[in-house]
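Position 76, counted from 1, in the sequence shown is what the UniProt record's numbering calls 76; the numbers after and before it change by one each time, with no gaps. Ideal Cβ placement from N, Cα and C applies to all residues, glycine included. This structure is a prediction, so every number in the text was calculated from the model and none was measured.
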Amino acid sequence: MGALSREKGKRGEREVAAIISDLLGVSASRRVRQHDGDSDILGVPGWSIEVKRWSLLVPHEVNRAWAQAVEQAQRDGGIPALFFRANYHPWRVMWPISVLLTMQSAHMWVEPQWAAQTTPEAWAAVARELLWRQAHEPRS
């Protein structure tokens, strides 16, 4: 990966961390020291967040990035969320619609056809609801 591409990725991660911090009121930040399999954004409990920036949006690249997000989320024990955008386009977020049905990641539907592609604001509404449930529902 070239230096320009790495810088573009870092800028994208900082943008997403700022968007998440603003929408959720959390202190989201980019992971400075990344290793293969680490999520890109820290500070969002229960979520494993991957960030991708492309020059052009190509559907198979989104599906490949989604597979990466799912794999790292399964390792982290979080819910996958893929923030992505192409140059000159707004951010989109891909996340499993099964989180609306269950909080149990073992039953999560993670294939691309069972994932929503929404605005960051729509994702944040779901994330806020899940964070509220985690904080207020009795533990068994």
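Taking C-alpha positions only, L57 is separated from L100 by approximately 27 Å. S39 counts as buried, since no fewer than 16 other beta carbons sit within 10 angstroms of its beta carbon. Using a Cβ-Cβ distance cut-off of 8 Å, the segment 62-70 and the segment 4-16 are not in contact, since fewer than three pairs of beta carbons, one from each stretch, lie closer than that value. Distance between A135 and G46, taken at the CA atoms: about 11 Å. W123 and L42 have their C-alpha atoms some 16 Å from each other.
Here DSSP, grouped into helix, strand and coil, assigns W54 to strand. Shown here for P90: same chain residues with a beta carbon closer than 8 Å to its own, the five before and five after excluded, namely T119 in chain order. Going by DSSP, L82 is part of no alpha helix (DSSP H) but of the beta strand (DSSP E) stretching over I79 to A86. Residues of the same chain with a CB within less than 6 Å of the CB of A28, apart from the 5 flanking positions on each side, are A17, I20, S21, I41, G43 and V44 in chain order. Straight-line measurement puts the Cα of L24 at about 17 Å from the Cα of E50.
Remark: C-beta atoms of A127 and P96 do not approach each other more closely than 8 Å. From the listed residues G77, N87 and R64, the smallest Cα separation to M94 is found for R64.
Closest by C-alpha distance to Q74, out of W109, A125 and R85, is W109.
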